[in-house]
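Trainee:
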Amino acid sequence: QVQLVESGGGLVQPGGSLRLSCAASGSISRVNHMAWDRQAPGKKRELVAAVTSDGSTNYAASVKGRFTISRDNAKNTVSLQMNSLKPEDTAVYFCYANVNRGSNYWGQGTQVTVSS
């Protein structure tokens, strides 16, 4: 079994920053791509940022230039540095990992609230 545990969510004022972290553990021989999704109240879940095993990244247009995804392959972790946060970034953020022969796993989610 594989577990993903997120940390780092919270309340921040508009324009502020937060850093989310996620650690994958369990029966892992290989971590392929990793990503962060988010789901705001009443909205569909959307991809925020993704990173492949070789470090290539992809971002949603709404966060490009403000968010940075990174990973540590030695520790099976992925992080999301979020700067210049806006109220519309408020959502539950989920860590995702594709591991081993292509199995998909998500974390339990961490709340990010951007409000004054």
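In the numbering used here, the protein residues as written are 1155 to 1270.
Built from N, CA and C at the ideal position, the CB exists for glycine as well.
For clarity, every value in this text was computed on a predicted model and none was experimentally measured.
Secondary structure at D1226, three-state DSSP: helix, strand or coil?
Mentor: Three-state DSSP puts D1226 in a strand.
Trainee: Can you find at least 3 beta carbon pairs, one from the stretch 1200-1216 and one from the stretch 1162-1179, that sit closer than 8 Å?
Mentor: The stretch 1200-1216, when compared against the stretch 1162-1179, does not touch it at the 8 Å Cβ threshold.
Trainee: So, for A1274: in the same chain, excluding its five sequence neighbours on each side, which residues have a beta-carbon less than 8 Å away from its beta-carbon?
Mentor: The first residue shown for the chain is 1155 and the last is 1270, placing residue 1274 beyond what the model contains.
Trainee: Among N1230, K1240, G1170, which residue has its Cα nearest to the Cα of V1159?
Mentor: It is N1230 whose Cα lies nearest to the Cα of V1159.
Trainee: Let me make sure I understand the geometry here. Which of N1254, A1228, R1220, G1162 has the alpha-carbon closest to that of S1238?
Mentor: For the residues N1254, A1228, R1220, G1162, the minimum Cα distance to S1238 belongs to R1220.
Trainee: Exposed or buried, A1228, counting other C-beta atoms within 10 Å across all chains shown (16 or more means buried)?
Mentor: The residue in question, A1228, is exposed, as its Cβ has fewer than 16 Cβ neighbours within 10 Å.
Trainee: For Y1259, which residues of its own chain have a beta-carbon under 6 Å away from its beta-carbon, when the five flanking residues on both sides are left out?
Mentor: Once the five neighbours on either side are set aside, the close Cβ partners of Y1259 are V1156, L1158, A1251.
Trainee: Measure the C-alpha to C-alpha separation of S1183 and V1232 and round it to an integer number of angstroms.
Mentor: Cα-Cα distance, rounded: 16 Å.
Trainee: Out of L1172, N1186, D1191, V1185, state which residue places its alpha-carbon closest to the alpha-carbon of V1246.
Mentor: When each option's Cα is compared against that of V1246, the closest is D1191.
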